[in-house]
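The next block holds one structure in the form of C-alpha cells; read it before the comments.
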Amino acid sequence: LLAPSSSHFGPQECWMEGPGELHLRGFIAAEMKACVLRQNLSDLQRLVVTSTGGFVSAAIDIAEHMAPHRPHVIVRGLCLSSCANYLIPIASRLTVEPRSLIGLHGGVAKLVSKMRQKGRLPPAAMLADAERERRFAAEFSLSPDWFLPDVFLKAYQKKITNPMGFNLLFHDSQALAVSPGFLNSCLRDVEIDSFWYLYDHMDELKERHHKADLFERFWKRLRPLSSEKLQCDPLASDGNEG
Numbered sequence: 033l034l035a036p037s038s039s040h041f042g043p044q045e046c047w048m049e050g051p052g053e054l055h056l057r058g059f060i061a062a063e064m065k066a067c068v069l070r071q072n073l074s075d076l077q078r079l080v081v082t083s084t085g086g087f088v089s090a091a092i093d094i095a096e097h098m099a100p101h102r103p104h105v106i107v108r109g110l111c112l113s114s115c116a117n118y119l120i121p122i123a124s125r126l127t128v129e130p131r132s133l134i135g136l137h138g139g140v141a142k143l144v145s146k147m148r149q150k151g152r153l154p155p156a157a158m159l160a161d162a163e164r165e166r167r168f169a170a171e172f173s174l175s176p177d178w179f180l181p182d183v184f185l186k187a188y189q190k191k192i193t194n195p196m197g198f199n200l201l202f203h204d205s206q207a208l209a210v211s212p213g214f215l216n217s218c219l220r221d222v223e224i225d226s227f228w229y230l231y232d233h234m235d236e237l238k239e240r241h242h243k244a245d246l247f248e249r250f251w252k253r254l255r256p257l258s259s260e261k262l263q264c265d266p267l268a269s270d271g272n273e274g
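Using this note's numbering, you'd call the opening residue of the sequence shown number 33 and step up by one each time.
Structure representation (C-alpha cells):
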C-alpha cells in the first residue's frame, strides 16, 4: 500500500489484493504512477478505481502500462476526468458499482482547440498533453467525442489556475454522467458486466438519506448531466488536424 501523500493533491493509493486485482484510489499523479510501476501485474485481471482524476501524462502512463492485460475495470465511487478519459478505454469488461459514476468534463485536445479558436496560445505542457492524448485516442480507436461530445459543450468556460502555474480552461459546469448507451457507442470493445447509472436512480437518491460520501458530495454539488441521448460520432474531429 502506498502511504498517503502529504502533497496538495491528497492521498494517492495503490495496492494489490491477490495476484490479479489492482486497486487505485485518489488523485492520479507521480506517486500513484510510481506505485503502479512497482507492482507485479503479470496476472492482472481486475482494476478497481476510485478517483476524481489527475494529471494527463500520469494517467496515460498508467493506462498504457496496464492496457496489454485488458483488465475488468470496476468503478467504485467515482471515476472522473483523467480516470474516465484514459482508464475506462483499456477495459475488456466494465462494472459500475451502486452509487458510482463515470464522469467526463473534457479532454486536453479539445481545450487546445478552443483556446486557439479564441486566439490564445496554449502552454507547451498543455500541447504536449494534447499530443499524448491524440496518440492514445488513435491507439485505442477513440472518437474525440469520448472526451466530451461537441454537441454537449456550452458557451462559457471557467478559468482556473492549476498547481503547475499556468491557466487552464475547464468545462467546469459541464460534467457529463456516462450512461451505458453512450459508453457502448464510444467504446464498442468494452463489455458491460453491470452498470449502475445515476439517472436510473434519481428518485431513490432524492428520497433516501445517505451519508455524505464522495459520490454524494459530487453529484449534489455538480449535478452532472445525463448522456442518455448522446452518442459518439466515429468521424468526429477535434479540430486539430494538420
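Glycine is no exception: its CB is placed at the ideal position from the N, C-alpha and C atoms.
Being a predicted model, the structure only gives us computed values, none of them experimental.
Straight-line Cα distance separating residue j from residue i
i, j, result
"E163", "V144", "10 Å"
"L153", "K238", "44 Å"
"L136", "K150", "23 Å"
"H97", "E260", "31 Å"
"C1", "V81", "Residue 1 is absent from the structure shown; the chain starts at 33 and stops at 274."
"F179", "V105", "18 Å"
"S217", "A244", "33 Å"
"L257", "A207", "6 Å"
"C115", "W251", "17 Å"
"P319", "R148", "Residue 319 cannot be examined here, being either before or after the span of the chain that is shown, 33 to 274."
"P195", "V88", "At P195 the pLDDT is 36, less than 50, meaning the model places this residue with poor confidence; the figure from the coordinates comes in the next sentence. Their backbone Cα atoms lie some 14 Å apart in a straight line."
"A123", "A99", "8 Å"
"G197", "A157", "Low confidence applies here, because G197 scores a pLDDT of 32, under 50, leaving its location unreliable; read the following figure in that light. Their backbone Cα atoms lie some 11 Å apart in a straight line."
"D182", "F168", "19 Å"
"A61", "G139", "17 Å"
"C67", "M48", "10 Å"
"I92", "G213", "24 Å"
"E236", "R253", "17 Å"
"S113", "F172", "18 Å"
Nonlocal neighbours in the same chain, by C-beta distance under 8 Å from residue i, ignoring five residues either side
i, result
"L215", "I120, L126, I134, V222, I224 and F227"
"M64", "L34, Q44, E45, C46, L56, G58, G86, A90 and I94"
"Q77", "G52, E53, H101, P103 and H104"
Closest by C-alpha distance to residue i, when choosing among the options
i, options, result
"G86", "C111, Q263, L79 and F59", "F59"
"G50", "M147, I92, N72 and E248", "N72"
"Y231", "R255, L219 and E165", "R255"
"G109", "G213, S258 and Y229", "Y229"
"P266", "L56, L174 and S124", "L174"
"A209", "Q263, A156, E171 and R220", "Q263"
"H233", "I122, S132, Y118 and L54", "S132"
"D161", "N117, E129 and C67", "N117"
"L219", "A170, L79 and E129", "A170"
"R249", "D235, F172, T84 and C67", "T84"
Residues of its chain near residue i, where Cβ-Cβ distance is below 7 Å and the 5 sequence neighbours each way are ignored
i, result
"L159", "V144"
"D75", "P51 and G52"
"L246", "G109 and L110"
"E129", "I106, V107, R108 and W228"
"L69", "H97"
Per DSSP, cross-strand counterpart(s) of residue i
i, result
"V105", "L79 and L126"
"R57", "E45 and T82"
"C111", "S83 and I134"
"A209", "G135 and S258"
"F227", "V128"
Own chain residues within Cβ distance below 6 Å of residue i, not counting five before or after
i, result
"A187", "Interpretation of A187 is limited by its pLDDT of 32, a score under 50 that renders its predicted location unreliable; the figure taken from the coordinates is listed afterwards. For A187, where only same-chain residues beyond five positions count, there are no Cβ hits under 6 Å."
"R166", "A141"
"L79", "L54, P103 and V105"
"S211", "Y229, S259 and E260"
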